[in-house]
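To keep things clear, I will list the structure first and then write my remarks on it.
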Amino acid sequence: MNFDIIRTGRAVLHVTDLDKSRAFYDALGFIETEFDQENIFFRGLEEHNHHSLWLKKKPEPAVEVISYKVRAEEDLEKLESFFTKQGRKVTWLEKGSQKALGKSLR
Numbered sequence: 001m002n003f004d005i006i007r008t009g010r011a012v013l014h015v016t017d018l019d020k021s022r023a024f025y026d027a028l029g030f031i032e033t034e035f036d037q038e039n040i041f042f043r044g045l046e047e048h049n050h051h052s053l054w055l056k057k058k059p060e061p062a063v064e065v066i067s068y069k070v071r072a073e074e075d076l077e078k079l080e081s082f083f084t085k086q087g088r089k090v091t092w093l094e095k096g097s098q099k100a101l102g103k104s105l106r
């Protein structure tokens, strides 16, 4: 089965200290695009999307999501078939159901 994953899409990480995390990702060259008391959004220097990294303030550090971009929506359908055949549960998320994301498959 051929599907075309072209790059990483975004990561959503839980952090215990937003200020220290902000300083770390700022030192790495990430650009802050939005923040509030519970969240910080970053993107890379040459990225055009709202964010590729979302930090959420939580009591315990964790990885919530790591996602990938595909070349075309048909690739998402191929991935759905691939995972379903393996017995994995998949969920479709429509464009706009998550901040700054298009149609997605989880």
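In terms of UniProt numbering, the sequence shown opens at residue 1 and continues consecutively.
Where a beta carbon is used, it is the ideal one built from N, C-alpha and C, also for glycine.
Residue F41 holds the alpha-carbon nearest to the alpha-carbon of K57 among F41, E46, N49, H50.
Y68 is positioned such that its CB atom lies no closer than 8 angstroms to that of R106. For the set N2, D17, F3, the Cα lying nearest the Cα of A62 is the one of D17. Where K78 is concerned, the enclosing alpha helix (DSSP H) starts and stops at 73 to 85. At the C-beta level, L45 and G29 come within 8 angstroms of one another. Contact check for L79 and R10: beta-carbon distance about 16 angstroms, past the 8 angstroms limit, so the pair fails to qualify. Secondary structure note for F41: its beta strand (DSSP E) is the uninterrupted segment 39 to 43.
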